[in-house]
C-alpha cells in the first residue's frame, strides 16, 4: 500500500502519547457507571484498544498475561466467547478473542488452557453457518448478518480452519447482497451500507474472490461517501463519522481505489476528532471520545500511510506485520 | 440463576433490560423464560386455551419492547429479540392469529419509518415483515405484496425526494414486479415511461434512440445548473451506454466525455483521482 501523498502535513498532529495513556487507563475506570454499562462490549473493547496500541507503536502497553487470562475467562463450554465472563458466547466476541490472541502470539494458549483448543473455537464458528443460505448466524438464536459471515472468515482463516466451512456457498450469499449501486447490504435486498460493504468485501478478499466485485461501480459509490469537510458518511445523505474512515477507507484499499478520495482532507478530519488534552477520538470534532472511534480513527490514519502509525491490514483490521506472519504459517 | 423461569425472574429481567438493552445475554435469558412459559401454556386443557395464553404472552412482550425501541432505535438486540418473538408466534399459533400479529407489526414499522424515514433497521425489518406476511397465507404459493410495497415506496419518495432507502427499495420492487407479472414488452415500456427506471425489451436501435433522447433531456438540465456534477456524471453514464449498444465509441462522443470529465475534475476535487483514472482509461 503506497502512502497517500501529503498525508500528515495538516496543521494538526497526532497526540500519540495522549492516546496511549487514554487506552491504558480505560480499564481503571471501574468506579464509573459507564464502565459497567459497556460490559457487553468488553472483549471487543480489548481488541479495539490493543489494536490501537499496536498501531501507535506501543504493543506492550497492556499487560500481556492479564489480557490472555481475561480473554480465556470469557470462553464458554461450546468453545465460543462471550463479551465478558458469564456472558453468552457470540460470533462478535469470538472473533475479537481470536484476533487478540493472534496479536499477542498466544493462540497456543488455547491448547494449553482453553476449552478444547483452537479446534473447539473453530467448530463453534463453523456450527453457526446456516445450511440453507451459506450465511452465518451470530449465535444459536439465529440472527443472520453479513457482519457474522465476515467475522467467521476472519477468525477461521487466522486459525487456519477456513476449510471447515462451505466457502463457495457463503460467497454466493454475498453476491446476493450486492445492489445496483455496487454496494452491499446486511441481507439480500437490503440497502447498501459502508459497514456492510466492508464486511462483504473483506470476506471476498479472504475467500480470494475480489474478482467478483464491480470495482468501478463500488469504488464510485464508496468515493461519494467523502463529504466536503473531508470525513466519510456511511450512506448517502447521512452525517460523517470518524469510524467510516475505516469502513469506507479499508473497502477502497481492498479494491485498489483508495486514491479516489482526498487523503489529506480525510486525515485532517480524523485529526480534528481527537481530544488533544485527554486523548482518544470521537465520532465528530468536539464529541465525546470512546475506544471504538479511537481504534477506527487510528486505523483510518494508518490506511493513509500517516506518519508514525504502523501499517494496518485492510482485510483484517490488525497490524499488517502480524497478519502476514500469521497467515504465512 | 439457572432454570428460575418464573414471572418474578421475568420482572427482574425487564428492569435490567430497561436500564441497559445492550445486555444481550439477558435477552437470551428472557427467551428461555418465555420458552418455558410457552411450554406450560401448551399443556392447557384445550388447544384454544393454549393459543389464548401464548397470544397473551407474546402480545405483552411485544408491548414491553415498544418504549425500548423508541428510546434505542439503533439497538440491534431489541430488533432481534422482537423478530424472534414474532417467529415464535408463527411457530406456535394458528395461522389466522399469527397473521394478525404480523399485520399489526407492519403497521408499527410504518409508524416508525414515518418518525425516522432513513432508519436502517426499520427498513430491513420492514422487508422481513413483508416476506413473512407473504408466507402467512392459505395460498400455497404465498401472496405477493410487491404492488402494495411499491406504492408504499412511492409514497415515501413523494414525502422526501432524498430518501435513498425508499429509492433503493423501489429498485428491488420493480425487478420483482416485472418478474411476477412476466411483464410483456408493452407493460415494461409503460413502467419505463411512468417511472423512469426499468428498460423494456427494446430492439438495439430502439434502445439507442431511447438513450440518445435521454442524453438530450439531461443536457437540457445543464442549462442554469452547470455546477451540478451529477448531471455530468449522468451524461457520461448514458454516453457510455450508447457506445456499448453501438459496440464502439465515436470520436465525437469521446471528445464530449473527455470534456465532461475535465468539468468533473474542476468541480469535484475530492474525487479527482477517480476522474483521472477514468480519463486515462478512455485515452488508453
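Residue numbers (our numbering), protein chains in the order written: chain U, 1 to 329; chain E, 1 to 284. Positions of the beta carbon are idealized from the N, C-alpha and C atoms, including for glycine. Source: prediction; values computed, not measured.
Across the set E:31, E:45, E:240, E:22, the C-alpha of E:22 shows the shortest separation from the C-alpha of residue 39 (chain U). Taking the Cα positions, residue 22 (chain U) is about 27 angstroms away from residue 86 (chain U). The beta-bridge partner set that DSSP reports for residue 144 (chain U) consists of U:137. Per DSSP, residue 123 (chain U) is one residue of the alpha helix (DSSP H) stretching across 117-126. Here residue 301 (chain U) is not near residue 289 (chain U), since their CB atoms are 7 angstroms or more apart.
The alpha-carbon separation between residue 239 (chain E) and residue 94 (chain E) amounts to approximately 56 angstroms.
Along the region 12-38 of chain E, the positions whose C-beta sits under 7 angstroms from a C-beta of chain U are 20, 22, 23, 24, 25, 28, 31, read in chain order. DSSP places residue 23 (chain E) outside both helix and strand once states are collapsed to three, so it counts as coil. CA-to-CA, the gap between residue 159 (chain E) and residue 109 (chain E) works out to about 17 angstroms. Chain order gives no chain U residues near residue 119 (chain E), where near means a beta carbon separation below 9 angstroms; the closest approach is about 11 angstroms.
Contacts with chain U at 7 angstroms (Cβ-Cβ) include residue 270 (chain E). The beta carbon of residue 106 (chain E) is closer than 8 angstroms to those of 126, 129, 130, 133 in its chain, skipping five residues each way along the sequence.
When Cβ-Cβ separations below 7 angstroms define contact, residue 223 (chain U) makes contact with chain E. For residue 119 (chain E), there is no enclosing alpha helix (DSSP H), since its DSSP letter is neither H nor E. Taking a Cβ-Cβ threshold of 7 angstroms, the residues of chain E close to residue 235 (chain U) are 164, in chain order.
Taking a C-beta distance under 7 angstroms as the contact criterion, residue 78 (chain U) and residue 124 (chain U) qualify as a contact pair.
Within 10 angstroms of the beta-carbon of residue 246 (chain U) lie 16 or more other beta-carbons, which makes it buried. Here the alpha carbons of residue 122 (chain U) and residue 146 (chain U) stand approximately 18 angstroms from one another. Rounded to whole angstroms, the separation of the alpha carbons of residue 61 (chain E) and residue 274 (chain U) is 42 angstroms.
Taking 8 angstroms as the upper bound for CB-CB distance, residue 80 (chain E) and residue 277 (chain U) are not in contact here, some 39 angstroms apart.
The contact set of residue 124 (chain E) on chain U, defined by CB atoms closer than 7 angstroms, consists of 186, 187, 190 in chain order.
At a cut-off of 7 angstroms, the C-beta of residue 160 (chain E) has no neighbouring C-beta in chain U. Taken in chain order, the unbroken stretches of alpha helix (DSSP H) that lie wholly in the region 181-206 of chain U and span 4 residues or more are 194-206. Counting C-beta pairs closer than 8 angstroms gives fewer than three between the region 305-321 of chain U and the region 6-19 of chain E, which falls short of the contact rule. Within chain U, the C-beta atoms nearer than 7 angstroms to that of residue 172 (chain E) come from 189, in chain order. Beta bridge pairing from DSSP links residue 178 (chain U) with U:184. For residue 318 (chain U), the secondary structure class from DSSP, reduced to helix, strand or coil, is strand. When DSSP states are grouped into helix, strand and coil, residue 16 (chain U) belongs to the helix group. By the criterion of a C-beta distance shorter than 8 angstroms, residue 225 (chain E) is surrounded in its chain by 231, once the five residues flanking it on both sides are discounted. The shortest C-alpha to C-alpha distance from residue 165 (chain E) to any of E:274, E:176, E:150 is the one to E:150. Judged by DSSP secondary structure, residue 46 (chain U) falls within the alpha helix (DSSP H) whose first and last residues are 42-55. Beyond the five residues adjoining it in sequence on each side, residue 26 (chain U) comes within less than 8 angstroms, by CB distance, of 45, 49, 291 in the same chain, given in chain order. As summarised for the region 64-97 of chain E, the continuous alpha helix (DSSP H) elements at least 4 residues long and confined to that stretch are 76-92, given in chain order.
When the Cα atoms are used, residue 265 (chain E) and residue 298 (chain U) turn out to be separated by approximately 29 angstroms. The residues 65, in chain order, have a CB closer than 6 angstroms to that of residue 82 (chain E) in the same chain once the five nearest residues on each side in sequence are set aside. Under the 10 Å beta carbon count, residue 60 (chain U) is surrounded by fewer than 16 other beta carbons and is classified as exposed.
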